[in-house]
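The structure appears below as structure tokens.
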Amino acid sequence: MAPTSTSSLPSDASKPTLYALLVGINAYENFPLRGPVSDVAALERYLGGLFDFNRKIEVLTDERATKAALARAFNNHLSQAGAGDTILFYFSGHGTQELADPGLWPGEADGLLEAIACHNGGGASSQDFLLTDKELRYLLHGVTRSGAHTLALFDCCHSGENTRSLLELTGQDVRERSISVNFPARPWESFLFSPEISESQARSQPLESWLPEADYVQMAACESDEKALEIGVEGIFTKNLLNVLRASEGAVSYAALHDRVRQYMRFAYDQRPKLLAPQRDAEALLKTGFLGRVPRSDAATSLEVTYNPSRGWLLNAGALHGLKPGQLVPLLDAVGAPLGNVALASVGIDYALLAPDPLLPPPPAGGQPVYRALLENLMKTPLRVFLSSRNGSPADQAQLLSGLVEKAGGCYLPEDDEAKADYRLTVRNGWYFLTRPGDEFRPLAKPVPVSDLEAIPTLVKYVRHLAHFTYLKTLQNPEAAGTTGIRLEVISEGGSPLLLPEGDDPTLTVPLLARDEVPDRGRVWGNNVEVWLTNTTPQAVYATVLYLSNTFRASTAFLETNTLLEPGQTVQLGLKPGNTPGAVRGTTVPLSYSSSSVQHDYNWPDVTERFRVILTPKNDHSPDASGVLSAPTLAFFSLNPLPDPPTRAKRDKPGLTRDDMLSDPAPLAKPLPAWWTQSVALRWENPTFNRLEAEEVNAMLEVEGNPASDALADCALGLYFDLSRDAPLDARYVVKPELLAYWQEQQTRGWLGDLTFAVTSRVSQAIRNRKFFDDEKRFPTRLRVLAQGDSWFQYPFLIRDIIDYLQLNFLVYSASSAGKTLATMQKDEAIADTIQTLKDRQARFFLVSGGLNDLMADFGETFLRDRPDPRQTGPRRFLNEAFFQTLDTLQAQYERLFAAVRREMPQVHIVTHGYDYVLPMNQVSQKETWLAPQLAESGITDPAEQQALLTFIVDEFNQRLALAAAKFSGENLSYLDVRKAINPAYWHDEIHPNDKGFLSLAMRFTSRMRAVEK
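So the working numbering is basically just the index in the sequence shown, starting at one, shifted up by 30.
Structural data, given as structure tokens:
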């Protein structure tokens, strides 16, 4: 493509015209980029395939993309658009900021104007090549006054400092599309609009009166405090935008487009695309389609329309799908072009007769034209799924999202707000966990290993299965809401009737009765309830009972399907054992719970099972509407359960095969006449909720070397333990108070210490190192790393630590644990273990994190003077000699550890780090929970003095570590000084960064290891 070009085709008067201005700049003098020109070419190719427009596209790239040229293109090219046409302005390049005159721009709270950087074109002053947001507002208002639909896209940013993309960890060429310099404020006459508007007018009148907002939609690559990135030769925003547009064929609303692009980018990149429409009717504007086209529903399904000589045009969907007589359905021709809407004349259970319409004449003899119709939410309830990643790789998350969007169809809707989601899908420690929102440690189905080649297809089937189950659970005829022709009665074991609550979907709480202990099941509770149905209508009805279990199973096994109930007749539900000929159907509904069940091990508060009764009147006068449900229809009511998550009793339960378990329903055939449903839910409370024995919890934490054990232990950590807030230095797990109270009530002895040890070392380490072995098979060529250290390398599950991030792109084996000291790591047996592990894991790098625990444990009692030393000044006056002796010891211990590794494994590169400046106050609770009280007890109460002392301690430690490392200079050893590496807002507590803070540190390690390899 030439540096500048204009393309257009002969016009078709029946089509609107798309006027596009595409600007991309690689060739910046001081901050060159590689992707913008490629981005422009990719977007131009995409626009070239939009045949529903006349296309007039002007392209400005590199030295042709000056500020003056861009303004001319607005005035001469985009200004040609009229009402009914569409304007697209696209910019890919650097964004920046310039100082704002507060007298002119009082609304700029940060004192800055945002700007895009055009090519400088030889201009000596920033005002010659920076186009401010106010100038863009002026240009856009000028071209939108005609009423043309207008879209502005920006793949750049205007932000200050922020965490960069996770992809920077991969060693790819990652560049920020911003110039982190605040350019000087400009004089009034340098603004493009100064010839038309006087400075005195601008200073004396509201902005909206002399520079009104344009009526347009804007999408930007990131929020105002983030960085827009390019990877290699493409901007990640533009790349993902085009991917979504291609997948949706461009028939997507701006709101849906923004949502999908954000979802595609949320795991892999630390930037969130921004969408806005400045005008008052913004909500309506954002619901319009991309470039003003007609959007297609995310949940729309294309169905066949065929001709039946005796009936007319038929649609292959009906009442069971939610269709109603008189409903209008959009009709498409064979190539998908819209023809118009056609009404439904009548609706059967699985077909609908279309009303006569000029759009659908009878086909000629021997011919059968093909038509299709678009219907939303067909036979499924779209589910809003919140995706969460603890430590999954960006590539895996992008693949997951793509698979769900493309393969789960209308069953899957991405949801950013967990509180609004139906389900949560979490990737954690090499597993995908499907759970309820806000409950990430109680999996609803067998966790899926990320390394499984069938992981994405399995999760797609999970989602489709749940969408089908949800549809059945809520199945009802909207025309018969509130119909109660059947009386439902539930009698508890022992003959006590249970009072049915009012409402369309009542829930009964059923008591569970203790049973005798059963081998292999442990303690057992149950209740064999009786469920009775009575036809209270004056006519015969057919009843089919749908059983919906807590394992997402659907079955019609509790009553013969299409059971005829005469007026006043009563039947009792009961389970027929298998398909054995002559077997007698039971007379109760057995509810059962045991201490070996999923509900017990995962501490479910309660469980709900549901019966939904589908009722159709008997009709002897219409064979098409007899009331009997056909076999294909009944097949739709059957679902096998989702596979169970692992339990103590069955840690590696194979379950049913994936195909058997998650098969889609057979297509429906026969029509369903007038119908309705009634339901009752049976809820029982978990008799052992928060009353698990200590031995049981300990058994869940037994990591036996198989994946299911790891998944169970992983969930048990989250279910039964909290992170101690009393001892941030150790970052220890503590038993949750409600469970601890039960143990204390039972006078449990001896287990608490064992549990604490298990969760802080063996379990956490084993779960992390299983990821090493999984990734070793998936990515055998990755660099191998051994990590030895403290909680900066092994923080509990609440925070993603340094190793969590490094495991995205390196094979990292962890020998770290919270609370580990350097004194422990340098002992003879520990050094021998380290050397052996380096050999066993064939490590190229040895990462060491240690020393802070040695200094800060019992800090106040050990190192602070009772009174400041009058002979010293500054923070040093508060510290006794034991502190400096400990620094000497730490330096010697580091030198000993370095020397041992250098002697035994000279080819291994050691990377060690100091610490950033710790804080006196907990950054999460904003309370002085740990360090500040110790300092206050020694009379150091001034916050500034407290911070100065902690800064001095960290500086002294770093100096000693630097001296130790310097003795091995040139011997495969690197010392990382990470002071001031962490943004002040990126701390979790006094001594631990949060996710973003640890990411900043991980990038330091990554950069150093990549440099060593180069």
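All C-beta atoms in this analysis are idealised placements derived from N, C-alpha and C, irrespective of residue type, glycine included. Model, not experiment: these values are computed from the prediction.
Looking at the backbone, the Cα of P217 and that of S234 are separated by about 17 Å. A Cβ-Cβ separation of about 5 Å places R871 in contact with Y843 under the 8 Å criterion. Straight through space, the alpha carbons of L917 and F987 are spaced by roughly 7 Å. Taking C-beta separations shorter than 7 Å and ignoring five residues to either side along the sequence, the partners of F471 in its chain run C745, G748, L749, following chain order. Fewer than three pairs of CB atoms, one per stretch, sit closer than 8 Å, so the stretch 577–586 makes no contact with the stretch 543–554. For I1021 against L882, the beta-carbon gap comes to about 6 Å, under 8 Å, which counts as contact. A residue is called buried once 16 or more other Cβ atoms fall within 10 Å of its Cβ, and N338, having fewer, is exposed. Checking the DSSP bridge columns, you'll see K304 partnered with A250.
Fully contained in the stretch 875–959 are the following beta strand (DSSP E) runs of length 3 or more, in chain order: 875–879, 939–943. For the 8 Å CB-CB criterion, F104 and G172 form a contact. E144 counts as buried, since no fewer than 16 other beta carbons sit within 10 angstroms of its beta carbon. The C-beta separation of A475 from L672 comes to about 4 Å, placing the pair in contact by the 8 Å criterion. If you look at A817, you'll find it isn't in any alpha helix (DSSP H); it sits in the beta strand (DSSP E) that goes 814–819.
Within its own chain, the residues whose Cβ lies closer than 8 Å to the Cβ of A98, once the five positions on either side in sequence are excluded, are G151, listed in chain order. By the 16-neighbour rule on beta-carbons within 10 angstroms, V548 is exposed.
A contact between stretches requires three or more CB pairs, one per stretch, nearer than 8 Å, and the stretch 425–432 fails this requirement with the stretch 503–521.
When secondary structure is reduced to three states using DSSP, R494 falls in the helix class.
Annotation: F803 to L496 spans about 32 Å, alpha carbon to alpha carbon. Going by DSSP, S68 is part of the alpha helix (DSSP H) stretching over 66–78.
Within the DSSP bridge table, the entry for N558 names P620 as partners. For F61, the three-state secondary structure derived from DSSP is coil. In this structure, DSSP gives Y49 an extended state, which the three-state scheme calls strand.
In this structure, DSSP gives R798 a helical state, which the three-state scheme calls helix. For A428, the enclosing alpha helix (DSSP H) stretches over residues 424–437.
A Cβ-Cβ separation of about 5 Å places A111 in contact with Y49 under the 8 Å criterion. In this structure, the CA atom of H124 is about 45 Å from the CA atom of G370.
Sixteen is the threshold: since fewer than 16 other Cβ atoms of the shown chains lie within 10 Å of the Cβ of E509, the residue is exposed. Judged by DSSP in its simplified three-state form, N1013 adopts coil rather than helix or strand. For the 8 Å CB-CB criterion, N459 and K801 form a contact. The closest CA to that of V480, considering only I833, Y492, Y462, is found on Y462. Of the other Cβ atoms in all chains shown, 16 or more fall within 10 Å of the Cβ of A130; this residue is therefore buried.
For the set E93, D535, T867, H107, the Cα lying nearest the Cα of V67 is the one of E93. Under the three-state reduction of DSSP, P368 is assigned to strand.
In the three-state scheme derived from DSSP, where H, G and I count as helix and E and B as strand, F184 is classed as strand.
In the displayed model, Q629 falls within a helix according to three-state DSSP. The shortest CA-to-CA distance from E732 to any of S155, P676, E768 is the one to P676.
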